[in-house]
Amino acid sequence: PDVPRSAVPLRAAVAALPAYVPGARPAQGAKLWKLSSNENPYPPLPSVLEAITRAAEETNRYPDMYATELVEALAAHAGVPAEQVVVGNGSVAVLGHVLQAVVEHGDEVVFPWRSFEAYPIVVAVAGGAAVTVPVAADGRLDLPAMAAAVTPRTRVVMVCTPNNPTGPVVHADELETFLAAVPHDVLVIVDEAYLEFVRDPQAPDGVDLLRRHPNVVLLRTLSKAYGLAGLRVGYAVAEPRLAAGIRAVSTPFGVNHVAQRAALASLEPQAQDELRQRVDALVVERGRVVAALREQGWDLPETHANFVWFPLGDATLDRAAEATAAGVLVRPFAGDGLRVTIGEVEANDAFLAVAAGWRSLAG
Ligand code: PMP
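For the sequence shown, full-length UniProt numbering gives the first residue as 8, with consecutive numbering after it.
Structure below.
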């Protein structure tokens with residue numbers, strides 16, 4: 008209480024920021040399945056743990072400032088030259104850097120809503136003016152409405168596919184029509200955080216898109232399919248001049264040494280194979296969960312990510328509290344809906360029992 012108060016004003020945009028509420032953490036000792044943050048339920052691969060241990064012994068030294076080896080490995084993985092890849096401390100940090108590189112004060116940034124809850128925050132921090140376009144009732148992005156929201160003051164449009172938290176992907180043909188309608192000096196950020204879980208043949212090929220539309224930036228992460236959420240590695244793929252601009256505003260040494268080595272180990276061919284098998288298993292598990300929910304009578308949006316969306320409106324917070332009481336931590340968005348991650352089989356079974364209880368309440 009006796010901490011002296013400063014007279015220094017915060018930037019108005021910063022004082023007005025909504026809080027980025029992370030997924031709740033289970034209390035110590037509480038037995039809770041954590042299905043609230045779209046994490047990968049598998050522990051690190053033995054080869055990745057080994058790389059982490061080795062790297063830990065070198066942490067008195069600074070990391071490679073621009074993560075050269077990692078950038079080369081990610082570029083090879085994406086099928087682009089290294090000059091087109093920029094890494095950062097999670098893709099949310101990279102997104103912030105992308106916006107800082109292109110947004111002048113007051114520029115409009117168009118994004119869907121509801122979508123990833125960090126969007127309004129990073130836009131405000133970059134000095135942009137948020138223009139939100141409602142997601143359709145079926146959880147799909149309304150790309151025609153997003154194109155129509157572009158004005159001469161628009162600098163950036165963000166497309167989240169699959170959309171967090173609703174789950175559907177945009178289709179390649181819709182995105183082509185959208186890109187044809189948007190001026191070429193407007194940056195289109197395609198956030199592909201859940202790319203590896205997509206099984207829709209109509210989904211766009213981001214790198215192909217970028218080759219033909221150099222105003223596109225792809226945003227990717229090792230937090231989800233690669234299971235490295237705790238180490239914070241994300242990257243952007245962009246046209247070289249834009250990539251250089253993003254790199255220029257990036258935090259120096261933004262990806263720590265342990266994270267760089269763990270990410271590199273995850274990109275080894277053998278590790279990639281093992282990680283792909285885990286993703287395949289999670290996709291199968293997603294199919295099982297969605298089928299079981301439909302069997303229970305739920306009409307849910309199609310999901311191509313590692314989560315399911317329940318548009319529960321005003322019942323959202325009550326349902327989330329019931330899930331917690333039943334030992335399952337889910338992510339509520341008050342007044343809107345609940346997002347539930349596909350986790351371990353036992354966790355998903357525990358959640359399916361909770362969802363069945365909700366049905367009987369509704370009936
Ligand atoms: N984009 C989307 C759509 C996300 O859902 C998330 C994580 N919730 C991120 C970006 C950021 O992920 P990270 O910072 O862990 O790379």
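Even for Gly, the Cβ is constructed at its ideal location relative to N, Cα and C.
Being a predicted model, the structure only gives us computed values, none of them experimental.
Asked: Would Val138 and Val166 be called neighbours here (beta carbons separated by less than 8 Å)?; Found: no
Asked: So, are the CB atoms of Leu238 and Ala188 less than 8 Å apart?; Found: no
Asked: Closer than 8 Å by C-beta to Val214: which residues in its own chain qualify, once you throw out the five before and the five after it? Chain order, please.; Found: Ala85, Gly86, Val87, Leu225 and Val244
Asked: Check the DSSP bridge columns for Lys231 and list the partner residues they point to.; Found: In DSSP, Lys231 forms no bridge with anything.
Asked: Rank Asn263, Ile349 and Ala341 by C-alpha distance to the C-alpha of Val335 and give the top, closest one.; Found: Ile349
Asked: Look up Ala357 in the DSSP assignment and say whether it is helix, strand or coil.; Found: helix
Asked: With three or more C-beta pairs closer than 8 Å as the rule, is the region 259-274 touching the region 119-132?; Found: no
Asked: Whose beta carbon lies closer than 6 Å to any heavy atom of the ligand PMP, going through the chain in order?; Found: Asn45, Gly97, Ser98, Val99, Phe123, Cys167, Asn171, Asp198, Ala200, Thr228, Ser230, Ala236 and Gly241
Asked: Quick check on this structure: which residue in Ala133, Thr173 and Val55 has the alpha carbon closest to the alpha carbon of Asp306?; Found: Thr173
Asked: Here's a check: name, in chain order, each residue in its chain whose Cβ is nearer than 7 Å to the Cβ of Gly370, leaving out the five neighbours to either side.; Found: Low confidence applies here, because Gly370 scores a pLDDT of 48, under 50, leaving its location unreliable; read the following figure in that light. If we look at Gly370 and ignore the five residues flanking it on each side, it has no Cβ neighbours.
Asked: Note down, in chain order, each residue of its chain lying with its Cβ closer than 6 Å to the Cβ of Ala299, except the 5 sequence neighbours on either side.; Found: Leu359
Asked: Following the continuous alpha helix (DSSP H) through Val78, name the residue where it begins and the one where it ends.; Found: Thr75 to Ala85
Asked: Secondary structure at Phe185, three-state DSSP: helix, strand or coil?; Found: helix
Asked: Count the other CB atoms within 10 Å of the CB of Ala100; is the residue buried (16 or more) or exposed (fewer)?; Found: buried
Asked: Using CA atoms only, rank isn't needed, just tell me which of Pro151, Asn355, Thr323 and Glu281 is closest to Pro50.; Found: Glu281
Asked: Give every residue of the same chain whose Cβ lies closer than 7 Å to the Cβ of Ala272, excluding the five residues on either side of it in the sequence, and list them in chain order.; Found: Ser54, Val55, Ala58 and Ala278
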